[in-house]
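Asks: Right, I'll just put the structure down here and ask away after.
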Amino acid sequence: MQAEFPRRGAGPERRSEKAGRDPAVHERIFHLVRQVPRGKVVSYGRIARIVGAGTPRVVGFAMRAAPDDVPWQRVVNAKGEVSPRSAGDGAAVQRRLLEAEGVRFDERGRIDLERFGWLPEE
DNA sequence: TCCCTGACTGGTT
DNA sequence: AAACCAGCCAGGG
């Protein structure tokens, strides 16, 4: 499925190599996260890198506003753990959802990325 | 438009 | 191995 990210009107994209401001960054992020299979996880940094726009922080911000059809729970930090929220119990919910799909957490609450980490090539 | 905040990261202590 | 720190960039006030 090709990335049909919406264009802003018919105007030319004045976007330079350096992502800068791209109105479709969130859409691209959502599209990618939707490809992560059940039982697998991917880090914020990896997503930002693959999408080629934004930064890990932006990915986190996007997850916060993610539509229901986006498996946001499959996005974890580079250490392989569920990132703590500044508010709410989202982290606890996320962990529960992941465990329900078979993702295992060790005693320190970390996921073995070698085993559960997802790569688009796979 | 300026200023601050944050579901992050990688390099240093 | 864990705590710190500076860079990062898109929203919202």
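Quick note on the numbering used here: the first sequence kicks off at -7 and runs consecutively.
For every residue, glycine included, the Cβ atom is placed at its ideal position computed from N, Cα and C.
As the structure is a prediction and not an experimental result, all values here were calculated from the model.
#1: Quick one: give me the first and last residue of the alpha helix (DSSP H) that Ala84 is part of.
#2: By the DSSP assignment, the alpha helix (DSSP H) with Arg49 in it spans what residues?
#3: Quick one: Cα of Lys71 to Cα of Phe108, how far?
#4: Beta-carbon within less than 8 Å of Trp110's beta-carbon, same chain only, minus the 5 sequence neighbours each way: which residues are those?
#5: Once the 5 residues before and after Arg(-1) are set aside, which same chain residues still bring their CB inside 7 Å of it?
#6: Alpha carbon to alpha carbon, what distance is there between Thr47 and Arg20?
#7: Are the CB atoms of Ser75 and Val85 within a distance shorter than 8 Å?
#8: Can you grab the Cα-Cα spacing for the pair Phe22 / Gly52, in whole Å?
#9: Measure the Cβ-Cβ separation of Glu73 and Arg102 and say whether it is below 8 Å.
#10: Do you know how far the Cα of Val25 is from the Cα of Asp81?
Replies: In brief:
#1: Gly82 to Ala92
#2: Pro48 to Arg56
#3: 13 Å
#4: Result list for Trp110: Val28, Pro29, Lys32, Val33, Val34 and Arg66, in chain order.
#5: Residue placement at Arg(-1) is poorly supported in this model, since its pLDDT is 35, which falls under 50; the coordinates are not used for a value here.
#6: 13 Å
#7: no
#8: 11 Å
#9: yes
#10: Here the alpha carbons of Val25 and Asp81 stand approximately 21 Å from one another.
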